[in-house]
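Q: As they're listed, the protein sequences go chains D and E.
Once you know that position 37 of the first sequence is 60 in my numbering, the rest is easy, because the numbers rise by one and skip nothing.
Once you know that position 84 of the second sequence is 85 in my numbering, the rest is easy, because the numbers rise by one and skip nothing.
Positions of the beta carbon are idealized from the N, C-alpha and C atoms, including for glycine.
First, the structure itself, so that you have it in front of you.
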Amino acid sequence: MVAPKTTSDTVQAAIAELLGDLHSRSECEKIGLSREDFSAILGDVAAKYLPVSTDQDEARTFLMSLRVEELALARACAAGHNLAWEIFLTRYREKLYQAALRIAREDSAARDLADSLYAELYGTTTREGERFSKLSSFTGRGSLEGWLRTVLAQEFVNRYRRTKRLVSLEEESEDGSQFAAPEPEEIPSPDSRLELATDAGLAALCNEDRMVLASYYLDGRTLAEIARMLGVHESTISRKVDKLAKSLRKNILGHLMQKGMSRRQAEESLEVDVRDIRLDIRRSLRQESLSQESGIPAFSEKKDGKPRARTSRQSGSVRIGD
Amino acid sequence: MARLDSRGRLSQREHWDKLRYTKIAMDNVPKYVVGRLQSQELGSESHPDADLLTAFAERSLDERERGGVMKHLALCGDCREVVALAMPEADLQQVLTLPRQNPAGWFGWPALLRWGVLAAGMVGIAAVGFQYSHFRAHQNIAASVQSTVPAVSTTTSGTRQPLSDRVANSPDEASRNAGVLAHRVVQEGPEEHSRDRAGDSSSGNSAADNSSAMVAMNRAPVIGNNTAGTEIVKAKAPVPMQAASGGQIPTAPNLPLQTSPSMMMRASPQWAITTTGILRRSFDGGKSWETISPSRESTASEGSMFRAVAGTGSEVWVGGAAGMLYHSADSGNHWNRVTPSDGSVGLTGEIVSIEFSDPQHGRISTSNSELWVTSDSAQSWQKQQ
Numbered sequence: 024m025v026a027p028k029t030t031s032d033t034v035q036a037a038i039a040e041l042l043g044d045l046h047s048r049s050e051c052e053k054i055g056l057s058r059e060d061f062s063a064i065l066g067d068v069a070a071k072y073l074p075v076s077t078d079q080d081e082a083r084t085f086l087m088s089l090r091v092e093e094l095a096l097a098r099a100c101a102a103g104h105n106l107a108w109e110i111f112l113t114r115y116r117e118k119l120y121q122a123a124l125r126i127a128r129e130d131s132a133a134r135d136l137a138d139s140l141y142a143e144l145y146g147t148t149t150r151e152g153e154r155f156s157k158l159s160s161f162t163g164r165g166s167l168e169g170w171l172r173t174v175l176a177q178e179f180v181n182r183y184r185r186t187k188r189l190v191s192l193e194e195e196s197e198d199g200s201q202f203a204a205p206e207p208e209e210i211p212s213p214d215s216r217l218e219l220a221t222d223a224g225l226a227a228l229c230n231e232d233r234m235v236l237a238s239y240y241l242d243g244r245t246l247a248e249i250a251r252m253l254g255v256h257e258s259t260i261s262r263k264v265d266k267l268a269k270s271l272r273k274n275i276l277g278h279l280m281q282k283g284m285s286r287r288q289a290e291e292s293l294e295v296d297v298r299d300i301r302l303d304i305r306r307s308l309r310q311e312s313l314s315q316e317s318g319i320p321a322f323s324e325k326k327d328g329k330p331r332a333r334t335s336r337q338s339g340s341v342r343i344g345d
Numbered sequence: 002m003a004r005l006d007s008r009g010r011l012s013q014r015e016h017w018d019k020l021r022y023t024k025i026a027m028d029n030v031p032k033y034v035v036g037r038l039q040s041q042e043l044g045s046e047s048h049p050d051a052d053l054l055t056a057f058a059e060r061s062l063d064e065r066e067r068g069g070v071m072k073h074l075a076l077c078g079d080c081r082e083v084v085a086l087a088m089p090e091a092d093l094q095q096v097l098t099l100p101r102q103n104p105a106g107w108f109g110w111p112a113l114l115r116w117g118v119l120a121a122g123m124v125g126i127a128a129v130g131f132q133y134s135h136f137r138a139h140q141n142i143a144a145s146v147q148s149t150v151p152a153v154s155t156t157t158s159g160t161r162q163p164l165s166d167r168v169a170n171s172p173d174e175a176s177r178n179a180g181v182l183a184h185r186v187v188q189e190g191p192e193e194h195s196r197d198r199a200g201d202s203s204s205g206n207s208a209a210d211n212s213s214a215m216v217a218m219n220r221a222p223v224i225g226n227n228t229a230g231t232e233i234v235k236a237k238a239p240v241p242m243q244a245a246s247g248g249q250i251p252t253a254p255n256l257p258l259q260t261s262p263s264m265m266m267r268a269s270p271q272w273a274i275t276t277t278g279i280l281r282r283s284f285d286g287g288k289s290w291e292t293i294s295p296s297r298e299s300t301a302s303e304g305s306m307f308r309a310v311a312g313t314g315s316e317v318w319v320g321g322a323a324g325m326l327y328h329s330a331d332s333g334n335h336w337n338r339v340t341p342s343d344g345s346v347g348l349t350g351e352i353v354s355i356e357f358s359d360p361q362h363g364r365i366s367t368s369n370s371e372l373w374v375t376s377d378s379a380q381s382w383q384k385q386q
C-alpha cells in the first residue's frame, strides 16, 4: 500500500477557491457527505494525480475537469450511505449487467462477473479492520459508468489470465498493478541485422502509431474498434494502418541495406517467418524421437498433403516442404 | 461499429469484417516484424488505474497524461484489451432504434412485402397512365368544352377515406384525376401528410396550391405519427384542376416517388447518448453520427450532461442533469425545453430514464427515485414517488 500523498499549498488554495462551486455541483449533502468530507476527497484525488510542481491554474483546471457529482456518489456509497446506494443501484445496476454481458458474452459468466464486482463495490473485504469498498478508489477522472466498465473489463482479463494459468492478478491492488503479463517469448532471429533493423524501425514509431499497429496486428482488432478506442473515424485508422505498414517496411529495408544487404536480400530476409522455423524444429524433433523409437523415417507434410521423407539435418535448419 | 446479437456475440457482418481485416493484416506486414512487436510487449509492471484508462477512453485527459497512457498502451496488450472491452455501449447498445407508434404500418411490414407493394404500385401507375392516355384520346373534344370542374374530394371526418371514395364523382373528373389518384395509391403507404393538419383548408385553392399539396405528399415520410383511421386527405373547397384551367395533369411517371430507401432512412433517425452525455443522431443506420445540441445556449458542459433519450417516430425526448428535459417533434431539428411540474413541485433531479410508448404517454425516472408520468403529450405531469 502506497502512503497517501499530500497536496501542495497551491493545490490546497485551488481547492479552497473552487470548493463552493464544486460542492454545489456535487450535491453531496443530499447523499450524506459533508462539505469537509468532500474537500478531503478532492484533496486525495488531487494528491494522487497532480505533481508537487503543479501551479494553481493547472490545479484549477484539473479540479474543474472532475466529475464531482459522480465522485461524491461513489464516495458516499463507499462510506455506506443508504440513499447514495439507492441512487447508485437505480442508475447503474442494469447498466452493469449489460456491460458484463457484453464483455463476457455469456449470461451466467456475465452475472458471475457483475456479482463479484458488486461484492467488491459493496465492500465485503476489510482493510485495517474497516470495510473497504472499491468505490473508494474512484476519482472522478472519467465517468462512473465508464469506470465500472473498465473495472469489469480488468476483472474479466484477470480471470482469463487465471484460467490460462499464466498469472494471478489478485495480489495486485488499486495502486496500479492490475495485470502481470506473461514474459514475452524470445523469438530467435535468423539474422541479427534483421533484428536490429526491425527494432530500429519499431523504435522510430510514435506511441500512438505503435498502439495502432499493436492493436491491429497483435490484438486482431478491427479498424472500427481501434477508431473507437482513439475517438477518430474508421477511415483515419484505415489510412494510418496502411501508411504505417508501408513506412515500417520501407524503414526496415533501408536499415538492412545500410548494413550491407542488397534490396533482394533484405526483402527475402523480411519474409522469413521464424515462428514457422521454430514450429518446424519442434515438429521435427518430435517426429525424430518417434522415428527413433519405431525405427521408421521422419516425415513432414508437403503443401499437397503428401508426406515426404527428410533428414534430421534438413529439419534442424530450414522449413521443409514449403 | 460492432453489433452484438442478443447473446452478446459479434454479428455476422462484424465477424466477416474481422476476418477480412485479419487477412489484410497478415498480408501487409512481415510476420517477423509482428513477432518482434509482440516480443517487445511489456512484462509485469505497473498499469494505469481504471480511472486513467476510463478517462483515456473518454478523451478527458490532458496531453501529458494522455501521452503517458498512450505510451503504456503501445506496449501493453492487457490494457489495450481492457480499453477495448470497456468501450462505451453508446455506439453499440445505447443506439436506439426508436420504437414506432404504429408498428403495423408501412415500416412495420417485412421488407419483401414493402417493396413488393411498391413494385405493384408502380405497375399500377403504368397501367393507369396507359389507360388514361387512351381515354384522353377519345375525350379530346369533350375536354375542350369544359371550363371548370369542381374536383371535390370529401372525406368522412376522422377516418381515412377509402380510395374508392376519393375518386371524383363524375367520369370526367375520374379520368382527369386518374394520374393523380394513381400516384396517390403509391403515396399512401403508411404516411400521408394531412392537409387539414397543415391548416390547408382554405377555400379558393389554386392549381398551384393543388400542385404544392402533391409535392408535399412527395416529401419524405414521417414515421410513426399516423395511425390508420386518423389521417385524412381532403380539400373542403372545390379545387379547380390543372387540366380544367388549361394546365397539364402530371402523369404518374413524371412525379417523384417518395419511397426511396435514402428517404426512408432519413425519416428514421437513430439516437444515442455517449458516456460523456452528448446527444447524437444518425440518419444512415448508425454509419455516421452528428452531435445534436437541443439548447441554443448549450455549452460544452451542458451539452455533455444528457443521460437518457427516447422517442416515437419523429418525437424525441432527451433529458439529463438537474431536470433538464428537451422535446423535439421533428426528429431533432427544433427543440423546446420542457419543465415538468406537479403543482408547486418541479422536476429537478437527474433524469436517468425516459420512456414514451406513444407521443401522449410517457414516464421519466430520476436519480432520486422520482417517477414523472404524462398522458397528454407533456401538457401536464404527475409525480409518482
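Following the continuous alpha helix (DSSP H) through Phe357 of chain E, name the residue where it begins and the one where it ends.
A: Position 356 of the second sequence, counted from the first residue, corresponds to residue 357 of chain E. Per DSSP, Phe357 of chain E belongs to no alpha helix (DSSP H); it is in the beta strand (DSSP E), Ile352 to Phe357.
Q: Starting from Phe307 of chain E, trace the beta strand (DSSP E) in both directions and tell me its first and last residue.
A: Residue mapping note: residue 307 of chain E aligns to position 306 of the second sequence, counting from 1. Where Phe307 of chain E is concerned, the enclosing beta strand (DSSP E) stretches over Phe307 to Thr313.
Q: Thr113 of chain D CB to nearest chain E CB: under 8 Å?
A: Indexing the first sequence from 1 puts residue 113 of chain D at position 90. By this cut-off, Thr113 of chain D is an interface position.
Q: From the DSSP output, in three-state form, read off Arg336 of chain D for me.
A: Position 313 of the first sequence, counted from the start, is the residue given in the question as residue 336 of chain D. Legend: pLDDT at Arg336 of chain D = 30, less than 50; position of this residue unreliable, value from coordinates given subsequently. Helix.
Q: Is Ser49 of chain D near Leu94 of chain D, with beta carbons less than 8 Å apart?
A: On the first sequence, residue 49 of chain D is found 26 positions in, with the first residue counted as 1. On the first sequence, residue 94 of chain D is found 71 positions in, with the first residue counted as 1. Yes; because the gap between Cβ atoms is below 8 Å, this pair is in contact.
Q: Compute the Euclidean distance between the alpha carbons of Ser376 of chain E and Glu351 of chain E, then round it to the nearest angstrom.
A: Along the second sequence, one-based indexing puts residue 376 of chain E at 375. Along the second sequence, one-based indexing puts residue 351 of chain E at 350. Across the structure, Ser376 of chain E and Glu351 of chain E are spaced so that their CA atoms are roughly 21 Å apart.
Q: Just checking: is the beta-carbon of Glu59 of chain D within a distance shorter than 8 Å of some beta-carbon in chain E?
A: Locating residue 59 of chain D in the first sequence gives position 36, counting from the first residue. Not one chain E Cβ lies under 8 Å of Glu59 of chain D.
Q: Starting from the beta carbon of Glu291 of chain D, find every residue of chain E whose beta carbon is closer than 8 Å, and list them in chain order.
A: For the purposes of this step, residue 291 of chain D is identified with residue 268 of the first sequence, where counting begins at 1. What Glu291 of chain D touches in chain E: nothing, since even the nearest Cβ is about 11 Å away.
Q: Would you identify the three-state DSSP class for Asp50 of chain E, choosing helix, strand or coil?
A: Position 49 of the second sequence holds residue 50 of chain E. Note: Asp50 of chain E maps to coil in three-state DSSP.
Q: Roughly how many whole angstroms lie between the Cα atoms of Ser261 of chain E and Trp116 of chain E?
A: For the purposes of this step, residue 261 of chain E is taken as the residue at position 260 of the second sequence. For the purposes of this step, residue 116 of chain E is taken as the residue at position 115 of the second sequence. Any reading at Ser261 of chain E must be qualified, since the residue scores a pLDDT of 35, below 50, and its modelled position is unreliable; the value itself is stated next. Roughly 10 Å separates the two Cα atoms.
Q: Give the interface partners of Val174 of chain D over in chain E, defined as CB-CB distance under 8 Å, in chain order.
A: Numbered from its first residue, the first sequence carries residue 174 of chain D at position 151. Identification of chain E residues near Val174 of chain D by a Cβ-Cβ cut-off of 8 Å yields Ala51, ordered along the chain.
Q: Does Ile275 of chain D get closer than 8 Å to chain E when you measure Cβ to Cβ?
A: For this step, residue 275 of chain D is matched to residue 252 along the first sequence. Yes, because at least one Cβ of chain E sits closer than 8 Å to the Cβ of Ile275 of chain D.
Q: Exposed or buried, what is Asn105 of chain D when buried is set at 16 or more other beta-carbons lying within 10 Å of its beta-carbon?
A: Stepping through the first sequence from its first residue, residue 105 of chain D is reached at position 82. Asn105 of chain D is exposed by the Cβ-count criterion.
Q: Can you tell me which of the three DSSP states Ser329 of chain E falls into?
A: Counted from its first residue, the second sequence places residue 329 of chain E at position 328. Here Ser329 of chain E carries a strand assignment [DSSP, helix/strand/coil].
Q: If you draw a straight line from the alpha carbon of Asp53 of chain E to that of Arg164 of chain D, how long is it in whole angstroms?
A: Against the second sequence, residue 53 of chain E aligns to sequence position 52. Against the first sequence, residue 164 of chain D aligns to sequence position 141. Just to set this straight, residue 53 of chain E is Leu in the shown sequence, not Asp. The straight-line gap from Cα to Cα measures roughly 7 Å.
Q: Since Gly78 of chain E is in the alpha helix (DSSP H), which residue starts that stretch and which ends it?
A: For the purposes of this step, residue 78 of chain E is taken as the residue at position 77 of the second sequence. Gly78 to Leu86 is the span of the alpha helix (DSSP H), which, as asked, contains Gly78 of chain E.
Q: For the alpha helix (DSSP H) containing Ala123 of chain D, list its first residue and its last residue.
A: For this step, residue 123 of chain D is matched to residue 100 along the first sequence. It spans Asn105 to Ala127 - the alpha helix (DSSP H) in which Ala123 of chain D sits, taken as one unbroken run.
Q: I'd like to know whether the C-beta of Ser314 of chain D is nearer than 8 Å to at least one C-beta of chain E.
A: The residue given as residue 314 of chain D occupies position 291 in the first sequence. Low confidence applies here, because Ser314 of chain D scores a pLDDT of 46, under 50, leaving its location unreliable and the question unanswered by this model.
Q: Figure out for me which residue from D:Tyr115, D:Leu271, D:Ala132 and D:Glu143 has the closest Cα to the Cα of Leu38 of chain E.
A: Along the second sequence, read from residue 1 onward, the residue named residue 38 of chain E stands at position 37. Nearest C-alpha to Leu38 of chain E: D:Leu271.
Q: Give the DSSP-derived three-state secondary structure of Glu291 of chain E in the structure shown.
A: Within the second sequence, residue 291 of chain E is the residue found at index 290, counting from 1. Glu291 of chain E: strand per DSSP, three-state reduction.
Q: Using three-state DSSP, classify Ile365 of chain E as helix, strand or coil.
A: What you label residue 365 of chain E is simply residue 364 of the second sequence in a count that begins at 1. Strand at Ile365 of chain E.
Q: Of the residues that make up the stretch 239–264 of chain D, which ones have a beta carbon closer than 7 Å to any beta carbon in chain E?
A: Tyr239, Tyr240, Leu241, Asp242, Gly243, Arg244, Thr245, Leu246, Ala247, Glu248, Arg251, Met252 and Gly254
Q: Could you give the residue range of the alpha helix (DSSP H) that holds Glu231 of chain D?
A: Within the first sequence, the letter at position 208 stands for residue 231 of chain D. Note, Glu231 of chain D: alpha helix (DSSP H), Asn230 to Leu236.
Q: Could you give the distance in angstroms between the alpha-carbon of Pro119 of chain E and the alpha-carbon of Ala127 of chain E?
A: Against the second sequence, residue 119 of chain E aligns to sequence position 118. Against the second sequence, residue 127 of chain E aligns to sequence position 126. Checking the displayed sequence, the identity of residue 119 of chain E turns out to be Leu instead of Pro. Leu119 of chain E and Ala127 of chain E: Cα-Cα distance of roughly 13 Å.
Q: Just how far apart, CA to CA, sit Ser76 of chain D and Asn334 of chain E?
A: Within the first sequence, residue 76 of chain D is the residue found at index 53, counting from 1. Within the second sequence, residue 334 of chain E is the residue found at index 333, counting from 1. Answer to the nearest angstrom: the Cα atoms are 48 Å apart.
Q: Can you find at least 3 beta carbon pairs, one from the stretch 262–270 of chain D and one from the stretch 55–73 of chain E, that sit closer than 8 Å?
A: no
Q: What residues in its chain sit with their C-beta under 7 Å from that of Leu267 of chain D, if we drop five residues either side in the sequence?
A: On the first sequence, residue 267 of chain D is found 244 positions in, with the first residue counted as 1. Cβ within range, chain order: Asp232, Val235 and Leu236.
Q: If we count Cβ pairs, one from each stretch, closer than 8 Å, do we get three or more for the stretch 346–364 of chain E versus the stretch 316–324 of chain E?
A: yes
Q: State yes or no: is the C-beta of Pro89 of chain E within less than 8 Å of the C-beta of Gly169 of chain D?
A: On the second sequence, position 88 is the one that residue 89 of chain E refers to. On the first sequence, position 146 is the one that residue 169 of chain D refers to. In this structure, Pro89 of chain E sits near Gly169 of chain D, with a CB-CB distance shorter than 8 Å.
Q: What does Val319 of chain E reach in chain D if we use C-beta pairs closer than 9 Å?
A: By one-based count along the second sequence, residue 319 of chain E stands at place 318. Near Val319 of chain E there are no residues of chain D at all, since even the closest Cβ is about 17 Å away, more than 9 Å.
Q: Closer than 8 Å, CB to CB, is Ala311 of chain E near chain D or not?
A: Position 310 of the second sequence, counting from 1, holds the residue named residue 311 of chain E. Judged by the 8 Å Cβ criterion, Ala311 of chain E is not in contact with chain D.
Q: Please classify Glu371 of chain E: does DSSP put it in a helix, a strand, or coil?
A: Along the second sequence, read from residue 1 onward, the residue named residue 371 of chain E stands at position 370. Annotated three-state conformation of Glu371 of chain E is coil, per DSSP.
Q: Can you confirm whether Ala273 of chain E, when its beta carbon is compared against all beta carbons of chain D, has any partner nearer than 8 Å?
A: The residue you call residue 273 of chain E lines up with position 272 of the second sequence. Not one chain D Cβ lies under 8 Å of Ala273 of chain E.
Q: Just verifying my parser: in three-state terms, what is the DSSP assignment at Val75 of chain D?
A: Locating residue 75 of chain D in the first sequence gives position 52, counting from the first residue. Of the three classes helix, strand and coil, the one that applies to Val75 of chain D here is coil, per DSSP.
Q: Note down, in chain order, all residues in the stretch 329–349 of chain E with a beta-carbon under 7 Å from any beta-carbon belonging to chain D.
A: Within the stretch 329–349 of chain E, no residue has a Cβ that lies closer than 7 Å to any Cβ of chain D.
Q: Between the Cα of Ala63 of chain D and those of D:Gln79, D:Asp78, D:Thr84 and D:Val34, spot the shortest distance and give me the residue it belongs to.
A: The residue given as residue 63 of chain D occupies position 40 in the first sequence. Of D:Gln79, D:Asp78, D:Thr84 and D:Val34, the residue nearest in Cα terms is D:Val34.
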